[in-house]
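Taking it in order: structure first as structure tokens, then the write-up.
Numbering (the working numbering), first residue to last: 23 to 129.
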């Protein structure tokens, strides 16, 4: 009602595309993680020196996917299955970079 009086659209509406963006971001994080591990295995472990630098973009994309999935699920979007898949994939892709940085910083 207030939006009709002020002419401002409600900002709390969740776009149905947010679930698709969440899934795309989570899958990109998982893909970067898989490429990092494949490169490390292909170079017999020498390529894992670059892992801390690749872990930050992996974590960024995974956490963006988790946040977008949470927004999509909270907004009662009709695409709940892709949002739930994005949430699970994002959390799974975010765990190894966090573990790696904790391991590196702990010494």
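Note that the Cβ used here is the ideal one computed from N, Cα and C, for glycine as well.
Kindly indicate which residue of 117, 100, 126, 66 has the alpha-carbon position closest to the one of residue 55. Ranking the options by Cα distance to residue 55, first place goes to 117.
For residue 83, count neighbouring C-beta atoms within 10 Å of its own C-beta (all shown protein chains included) and say buried if the count is 16 or more, exposed if not. Burial of residue 83 is indicated by the presence of at least 16 other C-beta atoms within 10 angstroms of its C-beta.
Nearest-angstrom Cα distance between residue 105 and residue 119? Whole-angstrom Cα-Cα distance: 22 Å.
C-beta atoms of residue 46 and residue 58 nearer than 8 Å: Cβ distance not < 8 Å, so residue 46 and residue 58 don't count as in contact.
Cα-Cα, which of 38, 112, 78 is closest to residue 85? When the alpha-carbon of residue 85 is set against those of 38, 112, 78, the nearest one is in 112.
Where residue 98 falls: helix, strand or coil (DSSP): Here DSSP, grouped into helix, strand and coil, assigns residue 98 to coil.
I'd like the list of long-range same chain contacts for residue 115, defined as Cβ closer than 7 Å, with 5 residues on each side in sequence excluded. Sequence-distant Cβ neighbours of residue 115 in its own chain, meaning closer than 7 Å and more than five residues away, are 48, 51, 52, 55, 80, 84.
Enumerate in chain order the residues of its own chain whose CB-to-CB distance from residue 108 is below 6 Å, with the five nearest sequence positions on each side excluded. Cβ neighbours of residue 108 beyond the five flanking positions: 44, 45, 48, 87, 91.
Determine the DSSP secondary structure at residue 37, reduced to helix, strand or coil. Of the three classes helix, strand and coil, the one that applies to residue 37 here is coil, per DSSP.
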